[in-house]
Structure formats: C-alpha cells, structure tokens
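In our numbering, the protein residues as written are 1383 to 1629.
Contents: one structure, followed by commentary.
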C-alpha cells in the first residue's frame, strides 16, 4: 500500500512540474497559432501522465515536445464545414475534430480525422492510455507561415514514415487581415481541380495532397473546384473559401 501511495505521490509531483512549465510557456508565447514546448525526458513518463497532459491542455505529444493549438474562428469554422461534409458523404464514418490518436508512442491530433471503423469505447474515452489508432484520413488546416505551417507539416511527416495507408491532406490558409475575393459564379457546379504544382506555392490558399506514393501534390484553391479523394469523398474548395471570403 505504501509503495502504491509513494508511486502516486511521485506521479502527481511530476504532473505538477510539467503543468507549471506548460503554463509558464503559454504565458510567454501568447498570440501564436500553435505553441511548442520541450519537456526533457518526456518520452520516459508513463502513459497516465501523458493522458493527464492531454486532458488538461488538449495537447499532442511527439517525443519530448508538447504541441498546443490556439486556433482562431476561421480555422474552426472550416474544420466544422469539412466535418459536416464528410459525415453527409458517408454516415457510417466516424468524423471528429482534434481527436487524439497514438502512433509509435507519440500522440497526434489531426484537425479533422476520419475513421472508417469506429475505435473502441475505451480508445475513444482515454485515447492515449488505450492507444486510439490513427484515422484513415488525416487533415491539417494551417496558416501559410511558420511556425504554424512547419509544425503541421512536421507532424504529417512523422506519421507518414510508418503509416503509408493513411490519406493525408494539408490545407494552407492566407495569413491576411483582408478576406479572400468573392465567388464570381456562386451558382456554378464544382469541377475537379487542375491547378497542380510540383512545389509548394508561395501564396495561400492551397492544398497539399499526398498521393498513394506519399508524393506531395499542390493545388491552388479556386472557387467552384473540388479535390476527389481516394475513398470517394470530394473535398469542395468552396467550403474553405466561403469562410475566408466572409468580411
């Protein structure tokens, strides 16, 4: 009994130390879209401590780094629009926002995750302790500037190394104080996107789509176009552009 109490006391002390460093870092890094905090030897802490960090800060943990997103309304509205669209396409899918999943001891938090098969109740309830699997479709929405862009792409790269079957999409938004131009033909049907590039565009909005060979393909986003994905859902660019075009 005393051994158990000592273990729990040490665990609580470790959690308090980590929480104190996170709180201090968040105070110093106000105004950033994503906060990256390094905690030495974080890989060595138990899964229950990692679960506590996630529960308290809705954070993802990769090696010794903790990532905490500070998304604005535009990002969250885009995420919600894509969630509604994906669920309408296939009601059997599990589509969620910012759900923690686990791969190789690290925890990841895609902005939109689509699971073709529902994780277990235990995995949905305590995703780190019970190792909620990666989604079949992993979508990140980020601003086209570092560190937001860099951190999003690094997370995707980390997962891609060992999970080639996951379909990855990155959506880059302009970091501008002015809205995107209005749709000149709002009544038009959408057509497949054709503005492909082999290298990342300098200006957003654009989409990065990793094909079956994990090669990134870049699409300039324009009104009334869509990106057909491998599993049948069409990612309509208007869902994104209508949010950032709103004054």
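No residue lacks a Cβ here, since even glycine has one placed at the ideal position from N, Cα and C.
Taking just the CA atoms, how far does residue 1585 sit from residue 1558?
-> For this step, residue 1558 is matched to residue 176 along the chain shown. For this step, residue 1585 is matched to residue 203 along the chain shown. Going from the Cα of residue 1558 to the Cα of residue 1585 covers about 11 Å.
Compare the beta carbon distance of residue 1551 and residue 1605 with 9 Å and say whether it is the shorter of the two.
-> Position 169 of the chain shown, counting from 1, holds the residue named residue 1551. Position 223 of the chain shown, counting from 1, holds the residue named residue 1605. No. Outside cutoff.
Excluding sequence positions up to five away, which residues of its chain have a Cβ less than 8 Å from the Cβ of residue 1542?
-> Looking up residue 1542 in the chain shown gives position 160. Hits under 8 Å: 1548, 1550, 1592 and 1596.
Should residue 1615 go down as buried or exposed, given a rule of 16 or more other Cβ atoms within 10 Å for buried?
-> On the chain shown, position 233 is the one that residue 1615 refers to. Result: buried.
Distance, Cα to Cα, residue 1571 vs residue 1619?
-> Locating residue 1571 in the chain shown gives position 189, where the first residue counts as 1. Locating residue 1619 in the chain shown gives position 237, where the first residue counts as 1. Rounded to whole angstroms, residue 1571 to residue 1619 spans 12 Å at the Cα level.
Range covered by the beta strand (DSSP E) that runs through residue 1530 = For this step, residue 1530 is matched to residue 148 along the chain shown. Counting along the chain, residue 1530 falls outside any beta strand (DSSP E), though it belongs to the alpha helix (DSSP H) covering 1530-1542.
In the DSSP assignment, what residue or residues form a beta bridge with residue 1573?
-> Position 191 of the chain shown holds residue 1573. In the DSSP output, where bridge partners are listed per residue, residue 1573 has 1607.
Among all the DSSP beta bridges, which residues are the ones paired with residue 1447?
-> Position 65 of the chain shown, counted from the start, is the residue given in the question as residue 1447. Beta-bridge pairing links residue 1447 to 1420 and 1444.
Inter-stretch contact at 8 Å, needing at least 3 Cβ pairs: the region 1487-1501 / the region 1519-1526 = Touching, yes, given that three or more Cβ pairs across the two stretches are closer than 8 Å.
Can you give the Cα-Cα distance for residue 1637 and residue 1395, rounded to whole angstroms?
-> The structure shown does not extend to residue 1637, since the chain is modelled only from 1383 through 1629, so no value can be given for it.
Going along the chain, which residues of its own chain have a beta-carbon closer than 8 Å to the beta-carbon of residue 1612, five neighbours each way excluded?
-> In the chain shown, the residue the question calls residue 1612 occupies position 230. Taking C-beta separations shorter than 8 Å and ignoring five residues to either side along the sequence, the partners of residue 1612 in its chain run 1549 and 1594, following chain order.
From residue 1577 to residue 1402, what distance separates their C-alpha atoms?
-> To locate residue 1577, count along the chain shown from 1; it is residue 195. To locate residue 1402, count along the chain shown from 1; it is residue 20. Approximately 47 Å, taken between the alpha carbons.
Please go through the same chain and pick out, in chain order, the residues whose beta-carbon is closer than 7 Å to the beta-carbon of residue 1421, but skip the five residues on each side of it.
-> Counting from one through the chain shown, the residue named residue 1421 turns up at place 39. Excluding residues within five positions, the ones whose Cβ falls inside 7 Å are 1400, 1403, 1446 and 1448.
Could you give the residue range of the alpha helix (DSSP H) that holds residue 1457?
-> Residue numbering aside, residue 1457 sits at position 75 when the chain shown is read from its first letter. Unbroken alpha helix (DSSP H) run through residue 1457: 1455-1471.
Hey, how far is the Cα of residue 1530 from the Cα of residue 1474?
-> The residue you call residue 1530 lines up with position 148 of the chain shown. The residue you call residue 1474 lines up with position 92 of the chain shown. Rounded to whole angstroms, residue 1530 to residue 1474 spans 32 Å at the Cα level.
For residue 1500, the residue or residues it bridges with in DSSP | As a working note, residue 1500 is residue 118 in the chain shown. Answer is none; residue 1500 lacks a bridge partner.
With a threshold of 16 other CB atoms inside 10 Å of the CB of residue 1501, please say whether the residue is buried or exposed.
-> For the purposes of this step, residue 1501 is taken as the residue at position 119 of the chain shown. Residue 1501 should be labelled buried.
Under 7 Å Cβ to Cβ from residue 1583, same chain only, skipping five residues before and after it: list those, please.
-> For the purposes of this step, residue 1583 is identified with residue 201 of the chain shown, where counting begins at 1. Contacts found: 1600 and 1602.
Among residues of its own chain, excluding the 5 on either side of residue 1460, which ones have a beta-carbon nearer than 6 Å to its beta-carbon?
-> As a working note, residue 1460 is residue 78 in the chain shown. In the same chain as residue 1460, and ignoring 5 residues on each side of it, the C-beta atoms closer than 6 Å to its own belong to 1523, 1622 and 1625, in chain order.
Between which two residues does the alpha helix (DSSP H) containing residue 1476 stretch?
-> To locate residue 1476, count along the chain shown from 1; it is residue 94. From DSSP, residue 1476 is part of no alpha helix (DSSP H) but of the beta strand (DSSP E) over 1476-1479.
Any Cβ of chain D within less than 9 Å of the Cβ of residue 1404?
-> Looking at the structure shown, chain D is missing, and only one protein chain is on hand.
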